[in-house]
Amino acid sequence: MDRDPDTGPPPAVLRLRDVVVSRHDPVAGRAFRLEVDRLDLVRGDRLGIVGQSGSGKTTLLALLGLLGWPDRIGAFDLSPDGDGRMLDLGPPIRDRQAGVLAAIRSRVLGFVLQEGGLLPWLTVGENARLAVELAGQRMVPGLTRTRAIAAEMGIDGLLHRYPATLSGGQRQRAAVLRALATGPRILLADEPTAALDPETSEDVMGAIVRQAADTGAALIVVSHQVALLQAHGFALRRLVVERAAHETRATLQAVAA
Amino acid sequence: MRGPRLRPRLGVVARLAWRDLRHGWPVTLCLVVAVIAALLPLLLLYGLRNGIVTNLIDDLRSDPRITEIQLVRDEQLSQDWFDALAQDPRVGFLLPRARYLAASVRLRSAEGRDILEPRMIPSAAGDPLLAGLPVPQGLTQIVITERVAIEGVLAPGDSAELIVLRQVGDERQSLRSAVQVLAVLPRDMLQTDDILVDSALESAIERWREGFAVPELGWEGVREDGATDASARSYASFRLYAADLRAVPGLRDSLLAQGLDVETRAEDIEATLAIEAGLGWVFAAVSVLTAVGFVLTLGLHLAAGVIEKVGEITLLRLLGMGSGELALFPSLQGVMIAGAGGVAAALLAVAVQPPVNRWLDGLGGLEGQVSRLPLPDLALAALVVALAGGVSGIVAGARVAGIEPVRGLRND
Chain A
1 MDRDPDTGPP PAVLRLRDVV VSRHDPVAGR AFRLEVDRLD LVRGDRLGIV GQSGSGKTTL
61 LALLGLLGWP DRIGAFDLSP DGDGRMLDLG PPIRDRQAGV LAAIRSRVLG FVLQEGGLLP
121 WLTVGENARL AVELAGQRMV PGLTRTRAIA AEMGIDGLLH RYPATLSGGQ RQRAAVLRAL
181 ATGPRILLAD EPTAALDPET SEDVMGAIVR QAADTGAALI VVSHQVALLQ AHGFALRRLV
241 VERAAHETRA TLQAVAA
Chain B
1 MRGPRLRPRL GVVARLAWRD LRHGWPVTLC LVVAVIAALL PLLLLYGLRN GIVTNLIDDL
61 RSDPRITEIQ LVRDEQLSQD WFDALAQDPR VGFLLPRARY LAASVRLRSA EGRDILEPRM
121 IPSAAGDPLL AGLPVPQGLT QIVITERVAI EGVLAPGDSA ELIVLRQVGD ERQSLRSAVQ
181 VLAVLPRDML QTDDILVDSA LESAIERWRE GFAVPELGWE GVREDGATDA SARSYASFRL
241 YAADLRAVPG LRDSLLAQGL DVETRAEDIE ATLAIEAGLG WVFAAVSVLT AVGFVLTLGL
301 HLAAGVIEKV GEITLLRLLG MGSGELALFP SLQGVMIAGA GGVAAALLAV AVQPPVNRWL
361 DGLGGLEGQV SRLPLPDLAL AALVVALAGG VSGIVAGARV AGIEPVRGLR ND
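In order, the protein sequences belong to chains A and B. The first sequence begins at 1 in my numbering and counts up one residue at a time. The second sequence begins at 1 in my numbering and counts up one residue at a time.
Set out below in structure tokens:
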């Protein structure tokens, strides 16, 4: 149950403590280690992740998207209903219960990818419908939500179009629609405007922020476009890299406003 | 939140597989045409094999004598022996038969024409020689061969006399028995001067010739003891037909193993069955090679498709679809492509069969329905091809299952 924003702080949706992910970087021929000491998100948060190439942005996104297998987990809690009641994901992650995590991912998380992330053989509306279906949600509320978000984003006329017939900006908006169709608690966006011109980037980022705010989803955007993130009120965290002899170590650090 | 769904959503995967194929319809169409191109000649070859073999076997089956097994010399065969042989499922028709000499009679037509020494052939219901003709019953009905009919100027319904002779000491005795011609057996069924009679009549004549009385016909002779055990009686020969021509060689071998010298047309049958087996092997070899080529070709295409669709596959994984579910994706596409090709090839085979038959009729000694494609065989072929399509997607499915959803995220 959501708390009244006038009577209390917004409920927490994500809490990470002392999480470490290690992997071998075959290109650099050395180990890579990502350390997240502390990460908290509440309903409606906007978090921008920045960092240079090779700083572990994808690794972090995979971790947050329940796609990675951390070596160490102090705490990894998620609120499936967005009401502050946290689900301890430590055990299923440690036990590598991919099916359980996939089910949680489909219902709690939404993804917007750099190239949109739409199935080319389905129309925009069918892409959104599929997300609802795979999340195991009831179709009528899901489709009603889809139509409402599409109308707000001004793409309700595109629901019957295939992705290949859309412009880059339209495709990204359609991807946002697909990602939000399931009513996710957290929206993860991976360079959602990297392939767009500045004007379209501004439009798309505005649409993402507005829709996330409307649905109450916390927003995590990985991007190189720091100014764009700042312009849309994102709190920024930077992945800082330290290179030792045989290991690259990345830590997530706050960026002063 | 409801619990995670771990059961494969086959319907969703099938729908997505179909939509992908529909989206890339030019490639899909090419693949379906490729399946048709591989399968249609195979079906036509099967039709020809089936038709040629079936025609050969039908030709053999049209002659009931093909299943006949004849005893070369008279033997002494007990009733128990007949009873045991009758239980053999390979036996189609079996009757005891009199000694060769005892079976010869004289037939005199109502106009007084004698047919010298026609031989009696015992008959009964189910006699393969009398297919479609009435069976003589009792002591007064006979069926004559066409040669007898011509010689005696006899037709069905005519009356005649059987004249039977016997030698008792120095005395030559004869008797006459009135009979009626029930039917005439066509020449192509039997070309000899023979008459078919109820086995009871043949048995009565044999007994009289052996000196016994036949009270039911009023023939005098030695009275048989009423307590005589019927099972103790022996017979000189038999009329034996196998249940099917495929049973003839085995039945012949069984009788030879008992020391009985028999004649059959097993060589003709074995030659035909050898043709059937030979063509079957040729067809099987061609089928296996085609199937291997088909599965490899479609499998490689589906595997290559996985490389092209990594983005879509990882997206589906991000959306919560399991690796096991997605592993079905290529196999279902294989089933759809091969199934469509299989059905289309089957329909085309049905469509081209009549012109093929017309074209081949009269060529190289072929005649009749040279190509035969039974609908159940076509349905089975389409089903097998669809399943082979599913098999062809297994390697691609394994590759799909190995794609981690994290690959959907960019590499930094």
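Glycine included, each C-beta is placed from N, C-alpha and C at the ideal position.
Reference residue i, options the options, closest by Cα
i                 : options                                : result
CYS30 of chain B  : B:TRP359, B:GLY341, B:VAL384, B:GLU367 : B:GLY341
ALA174 of chain A : A:VAL19, A:PRO80, A:ARG17, A:PRO163    : A:PRO163
GLY259 of chain B : B:ARG73, B:ASP361, B:HIS23, B:ASP58    : B:ARG73
LEU258 of chain A : A:MET153, A:ILE93, A:SER79             : Outside the displayed span of chain A (1 to 257) sits residue 258 of chain A, for which this structure offers no information.
VAL124 of chain A : A:ARG147, A:THR215, A:ILE73, A:PRO141  : A:ARG147
GLU133 of chain A : B:ARG187, B:SER123, B:LEU94, B:GLY11   : B:GLY11
ILE186 of chain A : A:GLU35, A:ASP45, A:ARG237, A:ALA244   : A:ASP45
ASP190 of chain A : A:ASP40, A:ASP156, A:SER22, A:LYS57    : A:LYS57
ALA204 of chain B : B:LEU175, B:GLY169, B:ILE66, B:VAL33   : B:LEU175
PRO64 of chain B  : B:THR28, B:LEU245, B:ALA38             : B:LEU245
ALA38 of chain B  : B:LEU296, B:ALA398, B:VAL406, B:ILE307 : B:LEU296
LEU229 of chain A : A:GLY74, A:GLY51, A:GLY157             : A:GLY51
ARG219 of chain A : A:LEU166, A:VAL112, A:MET153           : Rather than Arg, the amino acid found at residue 219 of chain A in this sequence is Leu. Considering only alpha carbons, the answer is A:VAL112.
VAL406 of chain B : A:GLY206, A:ALA250, A:LEU60, A:ALA245  : A:LEU60
VAL35 of chain B  : B:LEU130, B:VAL53, B:ALA382, B:ASP58   : B:ALA382
GLY216 of chain A : A:VAL140, A:LEU180, A:ASP37, A:ILE93   : A:LEU180
ARG187 of chain B : B:GLU151, B:GLU202, B:GLU210           : B:GLU151
THR264 of chain B : B:SER159, B:PRO215, B:ALA257, B:ARG252 : B:ARG252
SER104 of chain B : B:GLY389, B:ALA271, B:VAL197           : B:VAL197
ALA131 of chain A : A:SER201, A:LEU109, A:THR182, A:ALA151 : A:THR182
ARG399 of chain B : B:ILE57, B:LEU326, B:VAL214, B:ALA266  : B:LEU326
LEU182 of chain B : B:GLN76, B:PRO128, B:ILE144, B:ILE394  : B:ILE144
PRO118 of chain B : B:VAL53, B:ALA124, B:LEU129, B:ARG106  : B:ARG106
Counted within 10 angstroms of its Cβ, other Cβ atoms place residue i as buried (16 or more) or exposed
i                 : result
GLU126 of chain A : buried
TYR46 of chain B  : buried
LEU409 of chain B : buried
TRP25 of chain B  : exposed
MET336 of chain B : buried
ASP412 of chain B : Reliability fails at ASP412 of chain B, whose pLDDT of 48 lies under 50, so the model's placement of it is uncertain and no value is given.
PRO89 of chain B  : exposed
VAL209 of chain A : buried
GLY154 of chain A : exposed
ARG138 of chain A : exposed
ILE307 of chain B : exposed
ARG237 of chain A : buried
Residues that DSSP places opposite residue i in a beta bridge
i                 : result
MET120 of chain B : B:ILE195
ILE163 of chain B : B:ARG106, B:ARG176
ALA240 of chain A : According to the sequence as given, residue 240 of chain A is Val; it is not Ala. Paired residues: A:THR251.
VAL20 of chain A  : A:GLU35, A:ARG72
GLU267 of chain B : GLU267 of chain B pairs with nothing; no bridge assigned.
THR145 of chain B : B:LEU185
TYR100 of chain B : According to DSSP, TYR100 of chain B bridges with nothing at all.
VAL13 of chain B  : Answer is none; VAL13 of chain B lacks a bridge partner.
ILE49 of chain A  : A:VAL222, A:ARG237
GLN70 of chain B  : B:GLU263
VAL112 of chain A : A:ALA189
LEU94 of chain B  : B:LEU240
VAL214 of chain B : B:TRP219
TYR235 of chain B : B:LEU77
ILE149 of chain A : The partner list for ILE149 of chain A (beta bridge, DSSP) is empty, contrary to what the question assumes.
ARG78 of chain A  : As written in the sequence, residue 78 of chain A is Leu, which differs from the Arg given in the question. For LEU78 of chain A, which the question treats as bridged, DSSP gives the partners A:LEU14, A:LEU87.
GLU41 of chain A  : The question names Glu, but residue 41 of chain A in the sequence shown is Leu. Per DSSP, A:LEU14.
Partner residues on chain B for residue i, Cβ-Cβ distance less than 7 Å
i                 : result
GLY82 of chain A  : Chain B residues near GLY82 of chain A: none, gap ~11 Å exceeds 7 Å.
SER106 of chain A : LEU319, GLY320
PHE111 of chain A : LEU318
Where residue i meets chain A, residues with beta-carbon distance less than 9 Å
i                : result
VAL12 of chain B : LEU130, GLU133, LEU134
Amino acids of chain E, ordered along the chain, whose beta-carbon sits closer than 7 Å to that of residue i
i                 : result
LEU119 of chain A : This model lacks chain E altogether, as its protein chains are A and B.
Residue i: contacting residues in chain A (beta-carbon distance under 7 Å)
i                : result
HIS23 of chain B : PRO120, TRP121
ASP20 of chain B : TRP121
Interface partners of residue i on chain B, CB under 9 Å
i                 : result
ASP18 of chain A  : Going along chain B, no residue has its Cβ under 9 Å from ASP18 of chain A, so there is no contact; the nearest lies around 22 Å.
GLY183 of chain A : The premise fails here: GLY183 of chain A is roughly 12 Å from chain B at the closest Cβ pair, so nothing lies under 9 Å.
LEU67 of chain A  : ARG317, LEU318, GLU404, PRO405, VAL406, GLY408, LEU409
Residue i Cβ short of 6 Å to the ligand GDP heavy atom set
i                 : result
VAL295 of chain B : Because no ligand of any kind appears in the structure shown, any question about the ligand GDP cannot be addressed here.
Amino acids of chain B, ordered along the chain, whose beta-carbon sits closer than 8 Å to that of residue i
i                : result
ALA62 of chain A : VAL406, LEU409
Legend entry - Near-chain A residues of the region 52–75 of chain B (beta-carbon distance less than 9 Å), N- to C-terminal order: none
Inset, instruction - Scan the region 369–402 of chain B for residues whose Cβ lies nearer than 7 Å to a Cβ of chain A and list them as they occur along the chain. - result: none
Legend entry - Residues within the region 33–49 of chain B neighbouring chain A, beta-carbon criterion of under 8 Å: none
Legend entry - Against chain B: residues of the region 234–252 of chain A by CB proximity under 9 Å: none
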